[in-house]
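S.K.: Mapped onto our numbering, the consecutive letters of the sequence shown carry residue numbers 412 to 836.
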Amino acid sequence: MVEHEALDERDYDRARLLQWRAGLATDARFTRRDLARLVAGLSLGAGAGALAAARPGVAETPAGPILKPLPPELFTVFGTNAEMRWEAMVGAGDLVPVDRFFVRNHTRTPVVDAEAWRLRLFGTGLRGSPTEQAPVEFSFADLHRLPAESITAFVECAGNGRTFFTKQQGQSVSGTAWGMGAIGVARWRGVRLATVLRRAGLTRAAVDVQPEGLDPDFVSGGINLGPVRRPLPIAKALDDVLLAYEMNGRPLLPDHGFPVRLVVPSWIGIASIKWVGRIEVSASPLFSPWNTQFYRLFGPNHPADGELIDRQVVKSAFELPWNASLPAGQTHVLRGRSWSGNGHIRHVEVSTDGGITWRRARAVGRSETAGWQRWAYPWRPDGPGAYSLSARATDVTGATQPAQATYNTLGYLFGAVVAHPVTIV
Ligand SMILES: Nc1nc2c(c(=O)[nH]1)N[C@H]1C(S)=C(S)[C@@H](COP(=O)(O)O)O[C@H]1N2
Ligand SMILES: [Mo]
412 MVEHEALDER DYDRARLLQW RAGLATDARF TRRDLARLVA GLSLGAGAGA
462 LAAARPGVAE TPAGPILKPL PPELFTVFGT NAEMRWEAMV GAGDLVPVDR
512 FFVRNHTRTP VVDAEAWRLR LFGTGLRGSP TEQAPVEFSF ADLHRLPAES
562 ITAFVECAGN GRTFFTKQQG QSVSGTAWGM GAIGVARWRG VRLATVLRRA
612 GLTRAAVDVQ PEGLDPDFVS GGINLGPVRR PLPIAKALDD VLLAYEMNGR
662 PLLPDHGFPV RLVVPSWIGI ASIKWVGRIE VSASPLFSPW NTQFYRLFGP
712 NHPADGELID RQVVKSAFEL PWNASLPAGQ THVLRGRSWS GNGHIRHVEV
762 STDGGITWRR ARAVGRSETA GWQRWAYPWR PDGPGAYSLS ARATDVTGAT
812 QPAQATYNTL GYLFGAVVAH PVTIV
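1. Along the chain, where does the alpha helix (DSSP H) containing residue 779 start, and where does it finish?
2. Given the structure, does residue 728 come close to ligand 1, in the sense that its CB is under 8 Å from one of the ligand's heavy atoms?
3. Say yes only if the C-beta of residue 626 is nearer than 8 Å to one or more non-hydrogen atoms of ligand 1, and no if none qualify.
4. List in chain order: all unbroken beta strand (DSSP E) runs of 3+ residues lying wholly within the stretch 558-646.
5. Which of the three DSSP states, helix, strand or coil, is assigned to residue 519?
6. By the DSSP assignment, the beta strand (DSSP E) with residue 493 in it spans what residues?
7. Residue 712: buried (16+ other C-beta within 10 angstroms of its C-beta) or exposed?
8. Looking at the unbroken alpha helix (DSSP H) that takes in residue 802, where does it start and where does it end?
9. Just checking, does the stretch 616-635 make contact with the stretch 694-701 on the three C-beta pairs under 8 Å criterion?
10. Considering only the beta carbon of each residue, do residue 724 and residue 595 sit closer than 9 Å?
11. Can you check DSSP and say which residues form a bridge with residue 788?
12. Looking at the structure shown, is residue 755 part of a helix, part of a strand, or coil, going by DSSP?
13. Excluding the five sequence neighbours on either side, which residues of its own chain have a C-beta within less than 8 Å of the C-beta of residue 742, listed in chain order?
14. Just curious, the beta strand (DSSP E) that residue 831 is in, first and last residue?
15. Give me, in chain order, the residues of the same chain whose beta-carbon lies closer than 7 Å to that of residue 702; leave out the 5 immediate sequence neighbours on both sides.
16. Tell me the residue span of the beta strand (DSSP E) that contains residue 729.
17. Tell me whether residue 746, by its Cβ, gets closer than 8 Å to a heavy atom of ligand 2.
18. Would you kindly work out how many angstroms separate the C-alpha atoms of residue 557 and residue 551, rounded to a whole number?
19. Are there any heavy atoms of ligand 2 lying less than 8 Å away from the beta-carbon of residue 679, as far as the coordinates show?
20. Using DSSP with H/G/I as helix, E/B as strand and the rest coil, what is residue 533?
21. When the distance is taken between beta carbons, is residue 688 closer than 9 Å to residue 531?
22. Do the stretch 497-508 and the stretch 588-603 meet, that is, are 3 or more Cβ pairs less than 8 Å apart?
23. For ligand 2, is there any heavy atom lying closer than 8 Å to the beta carbon of residue 593?
24. Taking residue 552 as part of the alpha helix (DSSP H), name the residues at either end of that continuous run.
25. Roughly how many angstroms separate the alpha carbons of residue 625 and residue 510, rounded to a whole number?
26. Measuring from the CB of residue 518, is there a heavy atom of ligand 1 at a distance below 8 Å?
27. Over the uninterrupted alpha helix (DSSP H) stretch that includes residue 817, give me the two end residues.
28. Strictly by DSSP, which residues pair up with residue 486?
29. Tell me whether the stretch 574-588 and the stretch 661-674 touch, counting them as touching only if at least three CB pairs, one residue from each stretch, are closer than 8 Å.
30. Anyone know if the C-beta pair for residue 500 and residue 486 falls short of 9 Å?
31. Using only alpha-carbon positions, find the residue among 561, 635, 483 and 637 that is nearest to residue 604.
32. Under DSSP, the beta strand (DSSP E) around residue 657 begins and ends at which residues?
33. Under 9 Å between the Cβ atoms of residue 572 and residue 527?
34. Are there 16 or more other CB atoms within 10 angstroms of the CB of residue 814, so buried, or fewer, so exposed?
35. Buried or exposed for residue 704, please, with buried defined as at least 16 other CB atoms from any protein chain shown within 10 angstroms of its CB.
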């Protein structure tokens, strides 16, 4: 994980919000009138469906929204999304094997022909302002000829842990009812986005970059919001973002973005656009529903226009089934992992008595380069009965996990300590 100083995300969002209100922002497919209809007419995320929009080189996939097998011992499935069961990480190293890596699809996994595929860049932030009709193009082979880089990084949904707003805090939120398994760490290999942007003729005037997916348009409440896309500030785009074509040493699986996806380290999963087809590079601010309506914090604790979110918070999870049963009369080594969007994890504490007393867990491996911190904690329960296990991590910035997460209507960034129930039998 890398720490970032260059970009002040709050300043960035404040400036974009003012520009958007002033009508300066551009989003050709989604107007302020659409937004008014959207806000008036529906609860976000509900009633969303796929629209079969024709995309060159993209085959129809009648099989289902996710193509890889989703065995129940590895996944919990929610419609077009599938969450990893944490017990599936027992015995694994730092990387999440691809067969158990969570999948979050707004619609469905497209099957893209890598030979026919082109990455198309256009916009006013490139030399000569190439248009959508005459973009700068890179083939799959072109990308492979550019200098390759590998990083280990997590991809985590902003809504990971959402269900605990309800389970632990009694609050109702909308969106996929994820437990804590909408995260995975992989070794990603590809080309730096910075390299491709510079080759495409990036100018100093560029302020925002917007990658766009080749999956079907996202339709919500009867409104076609267009392809899944979300702008990135140029500072982040040039920093540590990868156009990845390999995951854990193999070509990407279709479900994870084949042939090429973005990996935006430390940021919420929606930034890491899969099946990237086009990238707009703009000298003026860009907006899409994915940064104006979704992936913002709304509710009584937030400004009326909501608060943009980019970076992930501190979280922890045990490699145990929910409601695990463990035998009495022996010592158990509790294992888990902690991670943060701010940088590496400094230490992790564990409580086996519902958060009354805490003791340090032993670090396993090093989170500076691993994407997350593995840890272990030996525990000999007093006797049979119900117990509540908790883990609380502190990252390099001193940020830690609070007892309560700040409520927001869409249930993002649940970073509070989770009470994990186990029974000793
Ligand atoms: N094109 C496209 N990219 C996408 C999405 C999508 O639906 N379409 N989902 C995003 C979200 S919300 C998340 S959390 C991550 C999930 O990546 P994964 O499915 O490889 O785990 O992909 C992101 N990229
Ligand atoms: Mo997500």
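Don't be surprised by glycine CBs; every beta carbon is placed ideally from N, CA and C.
M.R.: In terms of the structure at hand:
1. That run of the alpha helix (DSSP H) goes 778-781.
2. no
3. Taking non-hydrogen atoms of ligand 1 into account, the C-beta of residue 626 is found less than 8 Å away from one of them.
4. Residue ranges of uninterrupted beta strand (DSSP E) with 3 or more members, entirely inside the stretch 558-646 and ordered along the chain, are 560-567, 594-603, 619-624 and 628-631.
5. coil
6. 492-495
7. exposed
8. Here residue 802 belongs to no alpha helix (DSSP H); instead the beta strand (DSSP E) covers 796-806.
9. yes
10. no
11. 745
12. coil
13. 789, 790 and 791
14. Per DSSP, residue 831 belongs to the beta strand (DSSP E) from 831-835.
15. 641, 642 and 719
16. 726-729
17. It does not: the Cβ of residue 746 is nowhere closer than 8 Å to a heavy atom of ligand 2.
18. 10 Å
19. yes
20. strand
21. yes
22. yes
23. yes
24. For residue 552, the uninterrupted alpha helix (DSSP H) run begins and ends at 551-556, by DSSP.
25. Each residue's alpha carbon lies about 23 Å from the other.
26. yes
27. Careful: residue 817 lies outside any alpha helix (DSSP H) and carries neither H nor E.
28. 495
29. no
30. no
31. 561
32. 653-658
33. no
34. exposed
35. buried
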